[in-house]
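Visitor: Numbering (the numbering used here), first residue to last: 38 to 630.
#1: Whose C-beta lies closer than 8 Å to the C-beta of residue 194 among residues of the same chain, with five residues either side of it excluded?
#2: What is the DSSP secondary structure of residue 286, reduced to helix, strand or coil?
#3: Based on the DSSP output, what are the partners of residue 615 in its beta bridges?
#4: What does the alpha-carbon distance come out to for the pair residue 404 and residue 359?
#5: If you compare alpha carbons, which of 429, 477, 494 and 361 is closest to residue 512?
#6: Between which two residues does the beta strand (DSSP E) holding residue 268 run?
#7: Looking at the unbroken beta strand (DSSP E) that takes in residue 634, where does it start and where does it end?
#8: List, from N- to C-terminal side, the alpha helix (DSSP H) runs of 4 residues or more that fit wholly inside the region 439-498.
#9: Near residue 248, which residues of its chain fall below 6 Å by C-beta distance, leaving aside the five closest residues on each side in sequence?
#10: Buried or exposed: residue 538, going by 16 or more other Cβ atoms within 10 Å of its Cβ?
#11: Can at least three beta-carbon pairs, one atom from the region 260-267 and one from the region 371-389, be found at a separation below 8 Å?
#12: Would you kindly work out how many angstroms separate the C-alpha atoms of residue 625 and residue 580, rounded to a whole number?
#13: Is the beta carbon of residue 458 closer than 9 Å to that of residue 437?
#14: Which ranges would you report for the alpha helix (DSSP H) in the region 382-425 if only whole runs of at least 4 residues count?
#15: In terms of DSSP beta bridges, what is residue 508 paired with?
#16: Residue 183 by DSSP, collapsed to three states: which one?
#17: Once you ignore the five residues that flank residue 261 on each side, which residues in its own chain have a CB closer than 7 Å to its CB?
#18: With C-beta atoms as the reference, is residue 175 less than 9 Å away from residue 44?
#19: Quick check on residue 564: does DSSP put it in helix, strand or coil?
#20: Considering just the uninterrupted stretch of the alpha helix (DSSP H) at residue 600, what are its terminal residues?
#21: For residue 334, count neighbouring C-beta atoms within 10 Å of its own C-beta (all shown protein chains included) and say buried if the count is 16 or more, exposed if not.
#22: With residue 313 as the anchor, note down where its alpha helix (DSSP H) starts and where it stops.
#23: Go ahead and pull the three-state DSSP assignment for residue 176.
#24: Under 9 Å between the Cβ atoms of residue 515 and residue 490?
#25: What is the residue span of the alpha helix (DSSP H) that residue 82 lies within?
#26: Taking only the alpha-carbon atoms, compute the straight-line gap between residue 163 and residue 611 and give it to the nearest angstrom.
#27: Residue 298 by DSSP, collapsed to three states: which one?
#28: Checking the sheet assignment: what are the DSSP bridge partners for residue 503?
#29: Could you have a look at residue 194 and say whether DSSP puts it in helix, strand or coil?
#30: Is it buried or exposed for residue 325, if we count other Cβ within 10 angstroms and need 16 for buried?
#31: Can you give me the C-alpha to C-alpha distance between residue 241 and residue 233, rounded to a whole angstrom?
#32: Would the beta-carbon of residue 300 fall within 9 Å of that of residue 388?
#33: Spatial neighbours of residue 256 within its chain, please: C-beta separation below 6 Å, excluding the five flanking residues on both sides.
#34: Just tell me which of 492, 499 and 446 has its CA closest to the CA of residue 486.
#35: Could you round the C-beta distance between residue 465 and residue 502 to whole angstroms and report it? I think they count as a contact, below 8 Å.
#36: Using the DSSP secondary-structure output, state which residues sit across from residue 255 in a beta bridge.
Shown next as structure tokens:
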């Protein structure tokens with residue numbers, strides 16, 4: 038099964054979800070690595086078919102998180118792929134034992150899979166025919182190419198994108214094919230600047246043109262862009278009485294994506310490591326193992342690929358390394374922009390490039406820091422607080438700001454589009470209420486139905502427009518989790534907005550009529566550690582700390598004490614501390630220096 042078939046399965050699953058939904062919440066999709074391609078095709082297909090096929094459902098998704106994606110194709114070391122084909126199709130006597138024979142077959146079968154051929158940026162079978170490896174002597178210069186199946190996948194993306202006529206909800210022409218209805222954000226586990234062999238944590242990568250395997254008869258080299266042929270792969274395997282292979286592959290005009298600044302795999306997830314493990318006997322005969330680089334590591338996803346940076350902006354030397362700060366992409370708020378303080382992890386491209394950011398990257402928000410991390414596999418030791426905060430802020434922040442959206446344009450009238458958004462504290466709508474997306478009115482069209490509910494406040498600012506015929510419901514309400522399993526889908530459910538499912542409803546918090554002097558947050562300003570105290574005749578009930586953009590960074594409930602020390606160190610910035618007592622809520626502004 039390939040990516041196209043997988044996308045069809047996702048379409049079927051989303052159709053099932055739509056038919057059995059309990060409420061009008063829109064879908065949030067986290068698409069990691071290869072699944073980003075699958076989700077993109079599935080959602081584009083559903084948008085197109087919704088326009089031309091009667092009663093075909095819309096995907097009803099509001100957010101897609103592209104997590105270390107393959108927008109321009111997945112990256113694997115090209116020399117190791119050549120080793121897989123050469124070693125399988127023309128094996129030596131040193132690799133016919135049971136273990137290496139199994140691994141040779143496994144690696145080759147993996148490369149021949151339809152999904153792999155539809156995934157890779159460069160595939161060896163696109164430039165060298167399998168029969169050519171049977172020759173004992175093969176010397177060839179190639180320009181690495183994308184497999185025809187990957188090109189066919191792109192054709193499917195473009196087919197559905199170009200067939201869309203409903204452009205009212207999104208007037209931007211992205212540089213990559215993406216569905217038009219959802220908000221798109223991206224996460225790269227690579228780093229925003231420097232080559233991969235420049236790392237503070239000591240992680241070692243091979244530089245462009247350097248060797249992974251070095252020997253007289255065996256060479257595996259990292260890609261390096263060159264207009265003239267450069268030796269990338271050499272395998273001279275001498276097997277008296279069996280077969281001999283003298284294979285030399287020269288490469289030119291190749292982007293050095295296999296060692297670009299990005300995330301990586303190590304150990305068994307690293308195809309270079311597995312291929313060297315498979316052919317270790319061949320490398321050691323007659324070449325000693327000293328010529329192999331210990332524990333080889335390589336970049337799996339370049340930042341420019343994972344964040345879909347416009348290829349026209351890559352450097353003339355094709356180093357595949359961009360400093361995203363210099364591109365104006367790494368700003369997290371308006372104050373940083375005014376002070377020209379560039380972020381080292383979160384970026385909102387519309388801040389630094391308000392007029393052309395969609396021609397630089399199709400994403401409205403990006404996360405990438407200054408250190409490479411393992412592709413997708415984030416262990417507890419790799420827990421990244423800033424990344425979790427970024428995801429929480431996109432999925433369901435405590436303060437939800439809505440702008441530049443037209444509810445109802447996702448589908449063509451007279452079809453109806455229904456949404457439900459909630460926030461723990463507040464929802465604010467208007468023309469320019471957040472820096473996280475382009476300015477624009479928040480509108481509900483005549484065929485739109487919107488249900489907005491928040492625990493404390495729903496504020497409709499200038500630039501909020503509800504068209505005649507639309508249905509808008511505003512509630513001071515927050516539906517918390519009961520702690521049990523989610524309600525099962527069934528036949529007796531309703532989408533009526535005035536009939537809520539039996540969920541725990543948190544009572545609206547008391548308003549802040551509280552005497553502010555009865556609660557103290559100290560020290561303020563602070564160096565990151567704070568405490569909260571109240572008068573002796575009262576008791577703290579809760580402490581919630583939010584960033585100035587409304588993201589919850591700390592919460593503690595059921596305190597029932599007069600003093601509480603916050604056990605985490607806050608980063609520099611401005612925060613809002615909400616302190617709950619029996620008498621009400623006290624709000625405090627906190628500055629961390």
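All residues carry an ideal CB built from backbone N, CA and C; glycine is no exception.
Guide: The structure says:
#1: On the chain shown, residue 194 is found 157 positions in, with the first residue counted as 1. The answer, listed in chain order, is 77, 78, 81 and 214.
#2: In the chain shown, the residue the question calls residue 286 occupies position 249. Looking at residue 286 - three-state DSSP - the assignment turns out to be strand.
#3: Counted from its first residue, the chain shown places residue 615 at position 578. Answer is 581 and 624.
#4: Within the chain shown, numbered from 1, the residue matching residue 404 stands at position 367. Within the chain shown, numbered from 1, the residue matching residue 359 stands at position 322. Computed Cα separation, rounded: 15 Å.
#5: For the purposes of this step, residue 512 is taken as residue 475 along the chain shown, with counting starting at 1. Comparing Cα-Cα distances from residue 512 to each of 429, 477, 494 and 361, the minimum goes to 494.
#6: Translated into positions along the chain shown, residue 268 becomes position 231. Its beta strand (DSSP E) spans residues 267-275.
#7: Any answer about residue 634 is impossible in this case: the structure gives the chain only from 38 up to 630.
#8: none
#9: To locate residue 248, count along the chain shown from 1; it is residue 211. The answer, listed in chain order, is 258.
#10: Taking the first residue of the chain shown as 1, we reach residue 538 at position 501. Here residue 538 scores only 33 on pLDDT, less than 50, and its place in the model should not be relied on; the value that follows carries that caveat. Residue 538 should be labelled exposed.
#11: no
#12: For the purposes of this step, residue 625 is identified with residue 588 of the chain shown, where counting begins at 1. For the purposes of this step, residue 580 is identified with residue 543 of the chain shown, where counting begins at 1. Spanning the two alpha carbons is a distance of roughly 11 Å.
#13: As a first step, residue 437 must be located in the chain shown, where it is residue number 400. As a first step, residue 458 must be located in the chain shown, where it is residue number 421. Cβ distance < 9 Å, so residue 437 and residue 458 count as in contact.
#14: 386-389
#15: Sequence index remark: in the chain shown, residue 508 carries index 471 (1-based). According to DSSP, which records beta bridges pairwise, residue 508 is partnered with 486.
#16: Position 146 of the chain shown holds residue 183. Reduced to three states, the DSSP call for residue 183 is coil.
#17: Numbered from its first residue, the chain shown carries residue 261 at position 224. If we look at residue 261 and ignore the five residues flanking it on each side, its Cβ neighbours are 245, 246, 267 and 293.
#18: Within the chain shown, residue 175 is the residue found at index 138, counting from 1. Within the chain shown, residue 44 is the residue found at index 7, counting from 1. Result no, Cβ atoms of residue 175 and residue 44 do not sit closer than 9 Å.
#19: Here residue 564 refers to the residue found at position 527 when the chain shown is read from its first residue. DSSP places residue 564 in coil when its eight states are reduced to three.
#20: One-based indexing of the chain shown puts residue 600 at position 563. Residue 600 -> not in any alpha helix (DSSP H); beta strand (DSSP E) instead, spanning 600-602.
#21: Taking the chain shown and counting its residues from 1, the one referred to as residue 334 is at position 297. Residue 334 is buried by the Cβ-count criterion.
#22: Looking up residue 313 in the chain shown gives position 276. It spans 308-315 - the alpha helix (DSSP H) in which residue 313 sits, taken as one unbroken run.
#23: Counted from its first residue, the chain shown places residue 176 at position 139. Residue 176: strand per DSSP, three-state reduction.
#24: To locate residue 515, count along the chain shown from 1; it is residue 478. To locate residue 490, count along the chain shown from 1; it is residue 453. Taking 9 Å as the Cβ cut-off, residue 515 and residue 490 qualify as a contacting pair.
#25: As a working note, residue 82 is residue 45 in the chain shown. Segment 71-89, the alpha helix (DSSP H) holding residue 82.
#26: Start at 1 with the first residue of the chain shown, and residue 163 comes out as number 126. Start at 1 with the first residue of the chain shown, and residue 611 comes out as number 574. Residue 163 and residue 611: Cα-Cα distance of roughly 54 Å.
#27: For the purposes of this step, residue 298 is identified with residue 261 of the chain shown, where counting begins at 1. Correct three-state label for residue 298: coil.
#28: Here the question's residue 503 lines up with position 466 in the chain shown. Bridge partners of residue 503: 481.
#29: Here residue 194 refers to the residue found at position 157 of the chain shown. If DSSP states are grouped into helix, strand and coil, residue 194 belongs with the helices.
#30: Taking the first residue of the chain shown as position 1, residue 325 is located at position 288. Residue placement at residue 325 is flagged as unreliable, the pLDDT there being 44, under the threshold of 50; the coordinate-derived value follows with that caveat. Residue 325 should be labelled exposed.
#31: Locating residue 241 in the chain shown gives position 204, where the first residue counts as 1. Locating residue 233 in the chain shown gives position 196, where the first residue counts as 1. Their Cα atoms are separated by approximately 8 Å.
#32: Within the chain shown, the letter at position 263 stands for residue 300. Within the chain shown, the letter at position 351 stands for residue 388. Against a cut-off of 9 Å, the Cβ pair of residue 388 and residue 300 comes out as no contact.
#33: Stepping through the chain shown from its first residue, residue 256 is reached at position 219. 271.
#34: Stepping through the chain shown from its first residue, residue 486 is reached at position 449. Residue 486 has its Cα closest to that of 446, out of 492, 499 and 446.
#35: The count along the chain shown starts at 1 and reaches residue 465 at position 428. The count along the chain shown starts at 1 and reaches residue 502 at position 465. Not quite, the Cβ-Cβ distance comes to about 15 Å (not below 8 Å), so this is no contact.
#36: In the chain shown, residue 255 corresponds to position 218, counting from 1. In DSSP, residue 255 forms a bridge with 272.
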